[in-house]
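K.L.:
In our numbering, the protein residues as written are 2 to 244.
Here you go, one structure.
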Ligand code: C5P
C-alpha cells in the first residue's frame, strides 16, 4: 500500500526558549519543518506528507512548503516529487496527529508519524521503519539503547527538592524511542479513536490496544531538538554532512 507521513508541527517549543513555533525555527537558515519534510520525502516510498501546522499558522506553513518545493530552488531531497497537505493542529500532540490522520486520502494504507522536531533523521531509518510495516508489523518504532542509567522517582511537588528513587530499570532492556514511527493505518486510527490517555508517543496508544509494537534500530542523527544545545548539535551535523 502507498505510504503517507504525518508531521505534527503545531507545538510551541517553549523549552527551546522564546521565539517562533519550534518547527519554524531555522537550522542553517532553513526551518526545521522543511528539513523534516525533506527527510521523509527523500524516501522513495513516501508519496504524501501531511504537515500539521500551528492552528494560526497554516497559511504561513503552506507558503513555506511551496517556496521550498520550487524546482531548482532546493538541493536533492526536495519536495519535488512528493505531494504535501497542510492542516491546522490542536492543543496536544495527540490531537494534532489525529487531525493529520483525518486528512489522509483513503489509498494510504501505511502511515508514518514524524516529529518536526527531528529534522535530521536519515532516509535509511525512514526506509527501515517502512520495510518493517510492509513485512507485517502493525506498529514500528525506531529506537536506540541508552547511554544514561534511568531512575524512576517520586516527582517532587516543589522544584529543587530532592526526589526519592522508586526503581532503577535494567538499562540493557531500555530503548530511547524516536520517530518516524510506522503504522498500519487502520491500527493507528483505531488507537486514536479508543485511547484517550495522555501519552507521549503514538506507539504507546497502539500498545494500550493490546497490539504488538516492535522496535527497529534508530539513528543518532534522529535526535529531538528540544533545548538550545540541541540546535548547536543539529547545525554541527548539517555542517558535517556538507563536507
Ligand atoms: O513537545 P514535543 O517535543 O514532545 O513535541 C513533539 C512534536 O509534536 C513536535 O514536532 C511538535 O511540534 C508536535 N506538537 C503538535 N501539536 C501540539 C504539541 C506538539 O503538533 N499541540
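Here a beta-carbon is modelled for each residue, glycine too, at the ideal position from N, C-alpha and C.
In this structure, how does DSSP classify residue 212 when only helix, strand and coil are distinguished?
P.N.:
Taking the chain shown and counting its residues from 1, one reaches residue 212 at position 211. It is coil, neither helix nor strand.
K.L.:
From residue 15 to residue 23, what distance separates their C-alpha atoms?
P.N.:
If you number the chain shown from 1, residue 15 lands on position 14. If you number the chain shown from 1, residue 23 lands on position 22. C-alpha separation (whole angstroms): 8 Å.
K.L.:
Should residue 229 be listed as close to the ligand C5P, given that the test is whether its C-beta is under 8 Å from any heavy atom?
P.N.:
Here residue 229 refers to the residue found at position 228 when the chain shown is read from its first residue. For the ligand C5P, not one heavy atom lies less than 8 Å from the Cβ of residue 229.
K.L.:
Take the Cβ of residue 17 as the centre, count every other Cβ of all protein chains shown within 10 Å, and call the residue buried at 16 or more, exposed below.
P.N.:
Position 16 of the chain shown, counting from 1, holds the residue named residue 17. Answer is buried; the Cβ neighbour count reaches 16.
K.L.:
Comparing C-alpha positions only, which one of 100, 155 and 46 sits nearest to residue 163?
P.N.:
Your numbering for residue 163 matches position 162 in the chain shown. Measuring from the Cα of residue 163, the nearest candidate turns out to be 155.
K.L.:
Helix or strand or just coil, what does DSSP make of residue 229?
P.N.:
Residue mapping note: residue 229 aligns to position 228 of the chain shown, counting from 1. Note: residue 229 maps to helix in three-state DSSP.
K.L.:
Just mark residue 44 as buried or exposed, buried being the case when its beta carbon has 16 or more other beta carbons within 10 Å.
P.N.:
On the chain shown, residue 44 is found 43 positions in, with the first residue counted as 1. It counts as buried.
K.L.:
Is the stretch 167-183 touching the stretch 140-153, taking contact as three or more C-beta pairs under 8 Å?
P.N.:
In short, these stretches touch, since the Cβ pair count reaches three.
K.L.:
Tell me whether the beta-carbon of residue 122 lies closer than 9 Å to the beta-carbon of residue 42.
P.N.:
Residue numbering aside, residue 122 sits at position 121 when the chain shown is read from its first letter. Residue numbering aside, residue 42 sits at position 41 when the chain shown is read from its first letter. No, the pair does not count as a contact, with Cβ atoms beyond the cut-off.
K.L.:
I need the DSSP call for residue 108, collapsed to helix, strand or coil.
P.N.:
Locating residue 108 in the chain shown gives position 107, counting from the first residue. Residue 108: coil per DSSP, three-state reduction.
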